[in-house]
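Undergrad: In the numbering used here, the protein residues as written are 2 to 291. Think of the CB as a built atom: it goes at the ideal place given N, C-alpha and C, for glycine as much as any other residue. Before I ask anything, here is the structure I am working with.
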């Protein structure tokens, strides 16, 4: 059982979850016969909650698979395996596969939405905190009475792109270099209200900008660490997706003060992501100092 411990003065909470110590890791990132997320190894995971694709439950044939996390953060914690492929993630998978992943998000969000605050998040790459290479997302449910620090939707500034249903932008309050937000044009909705048509729009724009972020990362190679990112879906009304590419580490100042230092102006980040002819001079040189 997870234990929730409050700090009375700040109304912040800590989750004590000692079972997380037992999580497996495959730091080398190599496919092996024991990967619990690969086809043929379904018996290495708890029984699945849902699947998209063919085959019998808990057997090969699936395209997306969802099951309880063996090492949960909270009392309800699920794993959403993106595809049978051990290495391809959202920036490499076909858009039709991303649609299935988003439909799995919606299905599980709606299944749990009356049980608490449903957080869906993705850690991609070792630099992001992922412990297993095989691409996957996670869903946790946090009791409604727990106060979350999650940001409400930021105002639309530094717009990068838009399609029929969504706007993608770099908020003025961006805490990370090249941070991107995807927000629905329609307000007042929860993520679970998303339609199939909107999922099609979201899948395309999500993949497009993950690819652009990867291109920027490798175009200005700063380390030998592979491209990594996090994103999460805001659990409340007026939902959005916040994408955080991991260009930098957080250090003592940020950890000690709670203040974030963003060395790339969101206006400049948005301009580069829009692929305008005007190039930024010296901006990325700042990253090399960190």
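CB residue 141 to CB residue 160, shorter than 8 Å?
TA: Position 140 of the chain shown holds residue 141. Position 159 of the chain shown holds residue 160. It is not a contact, given that the beta carbons lie outside the stated cut-off.
Undergrad: Tell me the residue span of the beta strand (DSSP E) that contains residue 183.
TA: Reading the chain shown from its first residue, position 182 is the one you call residue 183. First-last of the beta strand (DSSP E) with residue 183: 181 to 185.
Undergrad: Taking the alpha helix (DSSP H) that residue 206 belongs to, which residues open and close that run?
TA: The residue labelled residue 206 in the question sits at position 205 within the chain shown. Note, residue 206: alpha helix (DSSP H), 197 to 220.
Undergrad: Pull up the distance between the alpha-carbon of residue 59 and that of residue 43, whole angstroms please.
TA: In the chain shown, the residue the question calls residue 59 occupies position 58. In the chain shown, the residue the question calls residue 43 occupies position 42. So the alpha carbons of these two residues sit roughly 5 Å apart.
Undergrad: Measuring only the C-alpha atoms, how far is residue 100 from residue 85?
TA: As a working mapping, residue 100 is identified with position 99 in the chain shown. As a working mapping, residue 85 is identified with position 84 in the chain shown. Residue 100 and residue 85: Cα-Cα distance of roughly 15 Å.
Undergrad: Just to confirm before moving on: does the CB-CB distance between residue 178 and residue 270 stay below 8 Å?
TA: By 1-based counting over the chain shown, the position of residue 178 is 177. By 1-based counting over the chain shown, the position of residue 270 is 269. Going by C-beta atoms, residue 178 is nearer than 8 Å to residue 270.
Undergrad: Does the beta-carbon distance from residue 154 to residue 92 come in below 8 Å?
TA: Numbered from 1 along the chain shown, position 153 holds the residue referred to as residue 154. Numbered from 1 along the chain shown, position 91 holds the residue referred to as residue 92. No, these two residues do not count as a Cβ contact at 8 Å.
Undergrad: Below 7 Å CB to CB, which residues in the same chain sit around residue 193 once its five sequence neighbours on both sides are set aside?
TA: Translated into positions along the chain shown, residue 193 becomes position 192. For residue 193, where only same-chain residues beyond five positions count, the Cβ hits under 7 Å are 107, 110, 111, 114.
Undergrad: If we call anything under 8 Å between Cβ atoms a contact, is residue 105 one with residue 80?
TA: Here the question's residue 105 lines up with position 104 in the chain shown. Here the question's residue 80 lines up with position 79 in the chain shown. Not closer than 8 Å, so no.
Undergrad: Under three-state DSSP, which class holds residue 268?
TA: To locate residue 268, count along the chain shown from 1; it is residue 267. In this structure, residue 268 counts as helix in the three-state DSSP scheme.
Undergrad: Just to check my reading of the structure: residue 245 and residue 231 have Cβ atoms closer than 8 Å, yes? What is that Cβ distance to the nearest angstrom?
TA: One-based indexing of the chain shown puts residue 245 at position 244. One-based indexing of the chain shown puts residue 231 at position 230. The pair is a contact, with the Cβ atoms about 5 Å apart (cut-off 8 Å).
Undergrad: Within 10 angstroms of the Cβ of residue 219, are there 16 or more other Cβ atoms? Answer buried if so, exposed if not.
TA: Within the chain shown, numbered from 1, the residue matching residue 219 stands at position 218. When all chains shown are included, residue 219 counts as exposed.
Undergrad: Any idea what DSSP makes of residue 259, helix, strand or coil?
TA: For this step, residue 259 is matched to residue 258 along the chain shown. In this structure, residue 259 counts as coil in the three-state DSSP scheme.
Undergrad: Cutting at 6 Å between CB atoms, please list the residues of its own chain near residue 46, excluding the five before and the five after it.
TA: Along the chain shown, one-based indexing puts residue 46 at 45. The answer, listed in chain order, is 37, 68.
Undergrad: Quick one: using the 10 Å Cβ neighbour count with 16 as the cut-off for buried, is residue 148 buried or exposed?
TA: In the chain shown, residue 148 corresponds to position 147, counting from 1. Label assigned to residue 148: exposed.
Undergrad: Are the Cβ atoms of residue 226 and residue 164 separated by less than 8 Å?
TA: Taking the first residue of the chain shown as 1, we reach residue 226 at position 225. Taking the first residue of the chain shown as 1, we reach residue 164 at position 163. For residue 226 and residue 164, no; Cβs fall outside 8 Å.
Undergrad: Helix or strand or just coil, what does DSSP make of residue 107?
TA: Numbered from 1 along the chain shown, position 106 holds the residue referred to as residue 107. Looking at residue 107 - three-state DSSP - the assignment turns out to be helix.
Undergrad: Start and end of the beta strand (DSSP E) containing residue 78?
TA: Counted from its first residue, the chain shown places residue 78 at position 77. Residue 78 -> beta strand (DSSP E) spans 77 to 82.
Undergrad: By Cβ distance, which residues of its chain are closer than 6 Å to residue 40, with the 5 residues on each side in sequence left out?
TA: Position 39 of the chain shown, counted from the start, is the residue given in the question as residue 40. The residues are 61, 85.
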